[in-house]
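Be aware that the sequence shown starts at 1354, since it is given in my numbering, and climbs by one per residue.
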Amino acid sequence: MAPVRRVLLSAIVRGTTTTTIASSSYRARTTTTTSSSSIGSGSSSSSAHASGLLDASKLVITRTTAPKRLHPPEDLVFGKTFTDHLLSVEWTASGGWRAPRIVPYQNLSLDPATCVFQYGFACFEGMKAYRAADGSTRLFRPDKNMARLNKSAVRIALPAFDGAQLIELIKELVRLDGRFIPTARGYSLYIRPTLIGTQPSLGIGPPGSALLYTIASPVGPYYPTGFKAVSLEATNYAVRAWPGGVGDKKLGANYAPCIVPQMMAAQKGYHQNLWLFGEEERVTEVGAMNFFAVLKDHKTGQKELITPPLDGTILEGVTRDSVLILARERLVPEGWKVSERYCTMRELAAAADEGRLVEAFGAGTAAIVSPIRMIAWNERTVDCGLKAGEEAGETATRLKGWIEAIQYADEVHEWSVRV
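Encoded structure:
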């Protein structure tokens, strides 16, 4: 028997049972079993035959017989608590996608030579399910996450998939573990689809096998007691992304190299890095979020919402896209200008000195918007427009409110997808 390496995801499953769960579009296949087969080792039940294309109608659901206890919402720590089940689909180059499975949350079983460990064949997504006031469960723009995950996968020679099929599978997982979604406003179920190469080989080449899995974690509001503006270090001694690279893809390999600069910034008393690029010190991203700023024109006083363009170094954030669309729909009629353009630290500092930097914020799935109080740059402080005692500017507050209203279905909108 080949040696295997256990990758901890949760406690070992103590007992399971397989059942059939119906949805509006799909019905899971039924088998009888007392325990689930291991995930990631290439083993699979007889029903999990290769079918070529990802097919949600072939889903097999194995329910846990040892459900976890629910934690009080106020005790939730981001990414530390997980639901009862996970979704997994195996893929091989010779047979394509196997039948999807939802099984009790468990360990992955992978050979120590698996290519994800050796060469970083891994990409992922971050999305959320929300409990609306009417009791329904909603996803926010899941099609955007699927499109981005496919782009990331193809960039590192992992298999593409039908995004609509994965959305249906994620809906089934959310329905099955719906009790984990807190009902209080600001809380949600964070969903993490992940695609990894699983071929055990030290040779460098496209993986001959892969695993697409999804786990879910109940999470609280990013700011439990309200907005808290952050301070940034303008970082020019390390680069997050570069032209021709993979900074616009959501790869695991993009995140680990950013930890040491973040730790260095924290040692100086700053919350995050503001990533700069090139000799002109173009502003790119803030931490793991997209960057936005509100500037006033020095002649006309017109407000301009700016964010860096998608030039291959900027992640195509779902929240970024949502902010831009809503701003063009709702702020432009008020006389605003909305621009995707380059901005340097020198321009931001000059605008701050002239009182034209109204506010700045990051945008991402976790916080929606994260207001910025100040930026440390070249041994000076760039004030980002917040008044003393103020934690968020008017624009960030309005945008967060607009997006949350859609996420929690207060506003009827095509971006809110019922589970």
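For glycine and all other residues, C-beta sits at the position ideal for the given N, C-alpha and C.
What separation, rounded to the nearest whole angstrom, lies between the Cα atoms of His1766 and Gly1556?
The sequence position of residue 1766 within the sequence shown is 413, counting from 1. The sequence position of residue 1556 within the sequence shown is 203, counting from 1. Cα-Cα distance, rounded: 48 Å.
With DSSP as the reference, please indicate the residues paired to Lys1433 in a beta bridge.
In the sequence shown, residue 1433 corresponds to position 80, counting from 1. According to DSSP, Lys1433 bridges with nothing at all.
Simplified DSSP state of Thr1734, which is helix, strand or coil
Walking along the sequence shown from the start, residue 1734 turns up at place 381. In the structure shown, Thr1734 falls within a strand segment according to DSSP collapsed to helix, strand and coil.
Using the rule of at least 16 other Cβ atoms within 10 Å of the residue's Cβ for burial, across every protein chain shown, is Leu1429 buried or exposed?
For the purposes of this step, residue 1429 is taken as residue 76 along the sequence shown, with counting starting at 1. Classification of Leu1429: buried, given that the 10 Å Cβ count is 16 or more.
Shortest alpha-carbon distance to Pro1560 belongs to which of Leu1701, Ala1446, Gly1516?
Here residue 1560 corresponds to residue number 207 of the sequence shown, with the count starting at 1. Residue Ala1446 is the option with its Cα nearest to Pro1560.
Presumed contact (8 Å Cβ cut-off) between Glu1700 and Thr1748, rounded CB distance:
Along the sequence shown, read from residue 1 onward, the residue named residue 1700 stands at position 347. Along the sequence shown, read from residue 1 onward, the residue named residue 1748 stands at position 395. Not quite, the Cβ-Cβ distance comes to about 18 Å (not below 8 Å), so this is no contact.
Relative to the alpha-carbon of Met1617, which residue among Ala1466, Tyr1590, Arg1501 has its alpha-carbon at the smallest distance?
Taking the sequence shown and counting its residues from 1, the one referred to as residue 1617 is at position 264. Among Ala1466, Tyr1590, Arg1501, the Cα nearest to that of Met1617 is on Tyr1590.
Whole runs of the beta strand (DSSP E) within the stretch 1625–1703, excluding any shorter than 3 residues:
Correct list: 1625–1630, 1635–1639, 1642–1649, 1656–1660, 1690–1693.
Please identify the residue among Leu1522, Pro1662, Asp1674 whose C-alpha is closest to the C-alpha of Ile1756.
Working through the sequence shown from its first residue, we reach residue 1756 at position 403. Answer by Cα proximity: Asp1674.
Per DSSP, Leu1564 forms a beta bridge with which residues?
Position 211 of the sequence shown, counting from 1, holds the residue named residue 1564. Secondary-structure assignment with DSSP links Leu1564 through a beta bridge to Glu1443, Ile1549.
Restricting to runs no shorter than 4 residues, where is the alpha helix (DSSP H) found entirely within the stretch 1475–1535?
Counting only runs of 4+ residues, the alpha helix (DSSP H) found wholly inside the stretch 1475–1535 occupies 1495–1508, 1516–1529, in chain order.
Report buried or exposed for Thr1418, applying the criterion of at least 16 other Cβ atoms within 10 angstroms of its Cβ.
Residue numbering aside, residue 1418 sits at position 65 when the sequence shown is read from its first letter. Counting Cβ neighbours within 10 Å, Thr1418 comes out exposed, since fewer than 16 surround it.
For His1651, collect the residues of the same chain with a Cβ closer than 7 Å to its Cβ; drop the 5 residues on either side in sequence, then sort them by chain order.
Against the sequence shown, residue 1651 aligns to sequence position 298. The beta carbon of His1651 sits closer than 7 Å to the beta carbons of Glu1707, Arg1709 from its chain, once the five residues preceding and following it are set aside; these are given in chain order.
Cβ-based neighbour list, Thr1436, same chain, cut-off 6 Å, excluding 5 preceding and 5 following:
Stepping through the sequence shown from its first residue, residue 1436 is reached at position 83. Listed in chain order, the non-local C-beta contacts of Thr1436 below 6 Å within the same chain comprise Asp1530, Phe1533, Ala1569, local neighbours out to five positions each way being set aside.
Just the C-alpha distance for Ser1723 and Glu1521, rounded to the nearest angstrom, thanks.
In the sequence shown, residue 1723 corresponds to position 370, counting from 1. In the sequence shown, residue 1521 corresponds to position 168, counting from 1. Whole-angstrom Cα-Cα distance: 31 Å.
Which two residues bound the contiguous beta strand (DSSP E) that contains Ala1716?
Here residue 1716 refers to the residue found at position 363 of the sequence shown. Per DSSP, Ala1716 belongs to the beta strand (DSSP E) from 1710–1717.
Span of the beta strand (DSSP E), counted from its first residue to its last, around Thr1588
Along the sequence shown, read from residue 1 onward, the residue named residue 1588 stands at position 235. That run of the beta strand (DSSP E) goes 1583–1588.
Return the chain-ordered list of same chain residues with a C-beta closer than 7 Å to the C-beta of Thr1718, the five sequence neighbours on each side being excluded.
Taking the first residue of the sequence shown as 1, we reach residue 1718 at position 365. By the criterion of a C-beta distance shorter than 7 Å, Thr1718 is surrounded in its chain by Gly1479, Met1480, Lys1481, Val1671, Thr1672, once the five residues flanking it on both sides are discounted.
Sort Ala1485, Arg1422, Pro1512 by Cα distance to Trp1444 and report the nearest one.
Residue numbering aside, residue 1444 sits at position 91 when the sequence shown is read from its first letter. Comparing Cα-Cα distances from Trp1444 to each of Ala1485, Arg1422, Pro1512, the minimum goes to Pro1512.
Does the contact criterion of 3 or more C-beta pairs under 8 Å hold for the stretch 1570–1588 versus the stretch 1735–1753?
With a cut-off of 8 Å, the stretch 1735–1753 and the stretch 1570–1588 count as touching, because enough Cβ pairs lie within range.
Could you check which residue in Trp1730, Val1647, Arg1422, Thr1551 has the C-alpha nearest to that of Cys1468?
Your numbering for residue 1468 matches position 115 in the sequence shown. Checking every option, the nearest Cα to that of Cys1468 belongs to Thr1551.
Using alpha carbons as the reference points, say which of Glu1634, Val1442, Ala1609, Ser1584 lies closest to Tyr1623.
Along the sequence shown, one-based indexing puts residue 1623 at 270. Relative to Tyr1623, the option among Glu1634, Val1442, Ala1609, Ser1584 whose CA is nearest is Ser1584.
Cα separation between Ile1725 and Ala1619?
Along the sequence shown, read from residue 1 onward, the residue named residue 1725 stands at position 372. Along the sequence shown, read from residue 1 onward, the residue named residue 1619 stands at position 266. Each residue's Cα considered, the two are about 15 Å apart.
Residue range of the beta strand (DSSP E) that includes Gly1605:
For the purposes of this step, residue 1605 is taken as the residue at position 252 of the sequence shown. From DSSP, Gly1605 is part of no beta strand (DSSP E); its letter is neither H nor E.
Counting C-beta neighbours from all protein chains within 10 Å, is the total for Ser1441 16 or more, i.e. buried, or is it exposed?
Your numbering for residue 1441 matches position 88 in the sequence shown. Buried, since its Cβ has 16 or more Cβ neighbours within 10 Å.
I need the straight-line Cα distance from Pro1596 to Asp1664, nearest angstrom please.
Locating residue 1596 in the sequence shown gives position 243, counting from the first residue. Locating residue 1664 in the sequence shown gives position 311, counting from the first residue. Between Pro1596 and Asp1664, the C-alpha separation is close to 8 Å.
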